[in-house]
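The structure appears below as structure tokens.
Numbering (full-length UniProt numbering), first residue to last: 1 to 229.
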């Protein structure tokens, strides 16, 4: 298992390559997006652990990207920009950015700041309707009823809860949660999902964890639950 997944959103190829190499050398999986459209798509499809975001994109402003991301996700965002104006920094932080690094920068400082933000997210609380996940305590509750989850079940539920409405294939889940590839016809993911679903049903949320035939698994958002009611 890697140190985590980093999405780098940067239109300057030289800077993007430098930043990508810095995180790759530190053990992270890295993906790149060179404009706002691909940044938003990658953020949803890849569910990165953190986004490094440049402000000067060709299609969207960095502020717009932060606002759009925060409308549906709590993924940590570290802004990387040549703008050193205090008002710009404050606006970005108020909109939901977790940190702000000014160009030019030292690679070691950027890496240290990203690691600090990731450590802080381990203390986060993820809420989705009746479901609450305390990451540091590794505690999951439905309507204040604690779910008795195994470590792997907790990690799987947390993965789904961080991107409600997104469907993960078995292969994606395996790559995120297992150090080594599972046997080709292994049903271990299905077994974990079945166990989680049973425990959630016993706590009063029988339909929250859903199966999308031929695609995989996901958690319904509160809006989805309301439409199904």
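All residues carry an ideal CB built from backbone N, CA and C; glycine is no exception.
C-beta atoms of residue i and residue j nearer than 7 Å
i, j, result
"residue 62", "residue 53", "yes"
"residue 129", "residue 169", "no"
"residue 123", "residue 137", "no"
"residue 145", "residue 131", "no"
"residue 33", "residue 26", "no"
"residue 268", "residue 160", "Because the chain here runs from 1 to 229, residue 268 falls outside it and cannot be looked at."
"residue 165", "residue 221", "yes"
"residue 173", "residue 191", "no"
One or two residues paired with residue i in a DSSP bridge
i, result
"residue 5", "29"
"residue 168", "217"
"residue 133", "126, 140"
"residue 77", "51"
"residue 145", "142"
Where residue i falls: helix, strand or coil (DSSP)
i, result
"residue 209", "strand"
"residue 190", "helix"
"residue 82", "coil"
"residue 24", "helix"
"residue 64", "helix"
"residue 150", "coil"
"residue 140", "strand"
"residue 127", "strand"
"residue 155", "helix"
"residue 101", "strand"
"residue 53", "strand"
"residue 14", "helix"
"residue 34", "coil"
"residue 182", "coil"
"residue 71", "coil"
"residue 203", "coil"
"residue 163", "coil"
Assumed close pair residue i, residue j - CB separation to whole angstroms, cut-off 8 Å
i, j, result
"residue 48", "residue 75", "6 Å"
"residue 158", "residue 133", "6 Å"
"residue 7", "residue 46", "6 Å"
"residue 96", "residue 50", "The pair is not a contact, with the Cβ atoms about 13 Å apart (cut-off 8 Å)."
"residue 31", "residue 42", "6 Å"
"residue 163", "residue 44", "7 Å"
Practice item. Evaluate contact between the stretch 190 to 205 and the stretch 97 to 113, counting only Cβ atoms and requiring at least three cross-stretch pairs below 8 Å. Key: no
- Pair every Cβ in the stretch 73 to 81 with every Cβ in the stretch 98 to 105, then say whether three or more of these pairs are closer than 8 Å. yes
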